[in-house]
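J.: My structure is below; once you've seen it, I'll send some questions.
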Amino acid sequence: MKKYIFLIVGLVSLMQAQEYKSVFDCSSDNARFVMSRMNLIERTMGMIEQNGDKADFAITLHGGCVPMVSNVYDEIVPDEDMPYIKMAQETITRLAQKKKVKIIVCAMSLNANAIDEKEILPFIQISKNSFIDTIGLQNKGYALMTFK
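Take the sequence shown: its position 12, counting from 1, is numbered 83 in the working numbering, and each next residue is one higher.
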């Protein structure tokens, strides 16, 4: 009998858990701002999960936001941006590997930033056009959060 009570309580808890789906779209070239937003995504995800809910997040990167996905960013970013890019990269690495956040970078932006696809971190998904991915995620119910 106790098994059934625990099973029912568990099922009720699962049914009450809310799912938060969001795509964070980053195009900013302000390295300090980008780093702060990546940290905010991680903290937000932690708060959602701490409440017993589920966070299903994706991050789409284009424009000036793409250097952080390169394993040779130190060759392409100004010295003053280096610590922020490093911290942003550490955060997206944790998000992708521990929290299963999808990190998607735009191939056109890689090209515009002179970043070769071979220099991209292995867990990053490369998209022909990250706008298409962002729109597709929105069509699947993901809320759009932008970093400009």
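Each residue gets a CB set at the ideal place from its N, CA and C atoms; glycine is no exception.
Which residue or residues does DSSP assign as beta-bridge partners of Asp96?
T.: As a working note, residue 96 is residue 25 in the sequence shown. Partner(s): Thr131 and Thr217.
J.: Assign Pro138 to buried or exposed, taking buried as 16 or more other Cβ atoms, counted over all protein chains shown, within 10 Å of its Cβ.
T.: On the sequence shown, residue 138 is found 67 positions in, with the first residue counted as 1. Buried, since its Cβ has 16 or more Cβ neighbours within 10 Å.
J.: List the DSSP bridge partners of Val176.
T.: The residue labelled residue 176 in the question sits at position 105 within the sequence shown. In the DSSP output, where bridge partners are listed per residue, Val176 has Leu132 and Ile197.
J.: Relative to the C-alpha of Ile197, which candidate in Arg114, Val105, Ala88 and Thr131 has its C-alpha closest?
T.: Translated into the one-based positions of the sequence shown, residue 197 becomes position 126. Of Arg114, Val105, Ala88 and Thr131, the residue nearest in Cα terms is Thr131.
J.: Give the range of the alpha helix (DSSP H) segment to which Val112 is assigned.
T.: Reading the sequence shown from its first residue, position 41 is the one you call residue 112. A small fix is needed here, since residue 112 is Ile in this sequence, not Val. That run of the alpha helix (DSSP H) goes Ala102 to Gln121.
J.: Roughly how many angstroms lie between the CA atoms of Thr164 and Ile203, to the nearest whole one?
T.: Counted from its first residue, the sequence shown places residue 164 at position 93. Counted from its first residue, the sequence shown places residue 203 at position 132. In a straight line, the C-alpha of Thr164 is about 23 Å away from that of Ile203.
J.: So what does Ala126 bridge to, in DSSP terms?
T.: As a working mapping, residue 126 is identified with position 55 in the sequence shown. DSSP output for Ala126 lists Tyr91 as bridge partner(s).
J.: Answer yes if the region 145–162 comes into contact with the region 93–103, meaning at least three C-beta pairs across the two stretches below 8 Å, and no otherwise.
T.: Cβ pair count under 8 Å is three or more, so yes.
J.: Out of Ile186, Lys169, Gly117 and Leu111, point me to the one whose CA is closest to Val176's CA.
T.: Working through the sequence shown from its first residue, we reach residue 176 at position 105. Nearest C-alpha to Val176: Ile186.
J.: Do you know how far the Cα of Glu146 is from the Cα of Asp96?
T.: Position 25 of the sequence shown holds residue 96. Position 75 of the sequence shown holds residue 146. Answer to the nearest angstrom: the Cα atoms are 24 Å apart.
J.: Output the boundary residues of the alpha helix (DSSP H) element that contains Leu192.
T.: One-based indexing of the sequence shown puts residue 192 at position 121. From DSSP, Leu192 is part of no alpha helix (DSSP H); its letter is neither H nor E.
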